[in-house]
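K.L.:
Positions 1222 to 1582 (my numbering) are the ones given, in order, by the sequence shown. For every residue, glycine included, the Cβ atom is placed at its ideal position computed from N, Cα and C. Pasting a structure below so you can have a look.
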Amino acid sequence: MTNKSPLHEKHIQSAAKMVDFHGWEMPLNYGSQINEHHVVRQDCGMFDVSHMTVVDILGAGGRQFLRKLLCNDVDQLTHTGKALYSCMLNHHGGIIDDLIVYYRSSDNYRIVLNSATRENDLAWIQSLAEGFAIGLHERNELAMLAVQGPNAIQKTMGIVTAAQADAISTLAPFECVDIDEWFFARTGYTGEDGLEIIVPEQDIAGLWQACLDAGIQPCGLGARDTLRLEAGMLLYGQDMNENTTPLESGLNWTIKWEPEDRDFIGLGALQSQRLQGVKSKLVGLVLEGRGIMRTGQTVMTEEGLKGEITSGTFSPTLQCSVALARVPHQAKEHVTVEIRGKQIPAKITKPRFVKQGKSLL
């Protein structure tokens, strides 16, 4: 059975092209994916992300539990209202999922998981929770909207209550606040400024309509993918999975090695891999010839070694094809990508191509 967002009827009214997305019927676009992409880079757009899984971890043992569960350390959340990006690893150091954890109070943490990994994630978390003074609460009664772009915060402040607007105005990047049963986080998946807003399901249609009335354009999965790829943000299941570690995925910065007495899940495997040396790495690629790089295409290094495109697209901002690729660690500056039987030259770059709407190339 296909799941439907509480905003499903709103999407139909806006002439969305609906597609199956990991068991959810979600909008791919509302007419022009390219236009939606540019709107987010230049102004702001909104995304229905109610398919994401919201879980609250309540109880005095939440901090201790998350320090075991995640490779990043929630002790970096030095005051309430802070957020942290992390990977959740298996015992071999493979990535079960990537997530954001929000510190709401000393006994209240919120995590948001990917919809595609929901069942596996929840089973894993529950299997590790025994012995910790916590309760796990999946919040199915909530819905989630992401308003993203350079004008996102200003426009959102114009459609919420005065108290909510005041609270939003104080948020720094990767901070959150609860106001009147609405949860606002200055986070996102586009590389632009903006908010992710979690509200009771019965409030989401009104929020959506208020955004529409304020000129905030609906955007679908297509634009979300090109935006996140330009920003070098990884997609679970393509750029990382249970068989790849953060060290192989350009996520070294999410591993908090110290203090040494914190024994998080996957630590031993990561320590061994770091000691022995990583055999592959995740890089950015910019195509230097004609064509579009796509997931699964073969990459050939100057040394004659093979890699693979994990995510590829045509960049609307840069007007060229960009990709993320997992390549042998020895790979240097130039590679070729096999596109329709031809070897097309590409250049290795850092795995982020656009920042705040500007080229990093």
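1) Spatial neighbours of A1435 within its chain, please: C-beta separation below 7 Å, excluding the five flanking residues on both sides.
2) What do you get for W1474, buried or exposed, if any count of 16 or more other CB atoms within 10 angstroms of its CB means buried?
3) What distance in whole Å lies between the Cβ atoms of A1426 and L1228, which are believed to be in contact at a cut-off of 8 Å?
4) Would you call the region 1530-1542 and the region 1564-1575 in contact, with 3 or more CB pairs under 8 Å?
5) Roughly how many angstroms separate the alpha carbons of T1516 and T1466, rounded to a whole number?
6) Taking the Cβ atom as the reference point for each residue, do T1519 and G1533 lie within a distance shorter than 9 Å?
7) Ends of the alpha helix (DSSP H) at E1340?
8) Which residue spans inside the region 1363-1434 form an unbroken beta strand (DSSP E) run of at least 3?
9) Which residues share a DSSP beta bridge with T1519?
10) So, helix, strand or coil for H1272, using DSSP?
11) I want to check one thing, is the minimum distance from the CB of G1498 to the heavy atoms of the ligand ZN below 8 Å?
12) Could you have a look at H1232 and say whether DSSP puts it in helix, strand or coil?
13) Which residue marks the beginning of the beta strand (DSSP E) containing L1560, and which one marks its end?
14) For L1508, write down the residues that DSSP places opposite it in a beta bridge.
15) Who are the Cβ neighbours of A1406 in its own chain at under 7 Å, not counting the five residues just before and after it?
16) So, A1364 versus D1424, is the Cβ gap smaller than 9 Å?
17) Can at least three beta-carbon pairs, one atom from the region 1557-1573 and one from the region 1502-1516, be found at a separation below 8 Å?
18) With DSSP collapsed to three states, give me the class of L1472.
19) Are L1392 and M1267 touching if we call contact CB-CB under 9 Å?
20) Helix, strand or coil for I1321? Go by DSSP, reduced to three states.
21) Give a yes or no on whether the C-beta atoms belonging to S1470 and L1503 are separated by under 9 Å.
22) Can you list, in chain order, the residues of its chain with a C-beta nearer than 6 Å to that of K1571? Leave out the 5 residues immediately preceding and following it.
23) What did DSSP end up calling F1286 once you bin it into helix, strand or coil?
P.N.:
On the basis of the data shown:
1) Once the five neighbours on either side are set aside, the close Cβ partners of A1435 are K1376, G1379 and I1380.
2) Under this definition W1474 is an exposed residue.
3) Going by Cβ atoms, the distance from L1228 to A1426 rounds to 7 Å, so yes, they are a contact pair.
4) With three or more CB-CB distances shorter than 8 Å, the region 1530-1542 counts as touching the region 1564-1575.
5) Cα-Cα distance, rounded: 19 Å.
6) For T1519 and G1533, no; Cβs fall outside 9 Å.
7) Judged by DSSP secondary structure, E1340 falls within the alpha helix (DSSP H) whose first and last residues are R1339 to A1350.
8) Listed in chain order, they are 1363-1369, 1397-1400, 1403-1406 and 1415-1421.
9) According to DSSP, which records beta bridges pairwise, T1519 is partnered with E1529.
10) Three-state DSSP puts H1272 in coil, outside helix and strand.
11) With respect to small molecules bound, the structure shown includes none, and the ligand ZN cannot be examined in it.
12) In the structure shown, H1232 sits in a helix (DSSP, three-state: H, G or I).
13) Looking at the sequence shown, residue 1560 is not Leu but Ile. Residues H1555 to I1560.
14) According to DSSP, L1508 bridges with A1567.
15) Exclusion of the five residues before and after A1406 leaves A1304, Y1323, C1397, L1416 and E1417 as the residues of its chain whose Cβ lies within less than 7 Å of its Cβ.
16) In this structure, D1424 lies closer than 9 Å to A1364 by Cβ.
17) With a cut-off of 8 Å, the region 1502-1516 and the region 1557-1573 count as touching, because enough Cβ pairs lie within range.
18) If DSSP states are grouped into helix, strand and coil, L1472 belongs with coil.
19) Cβ atoms of L1392 and M1267: not closer than 9 Å.
20) Strand.
21) Closer than 9 Å, so yes.
22) So the qualifying residues of the chain are G1505.
23) Looking at F1286 - three-state DSSP - the assignment turns out to be helix.
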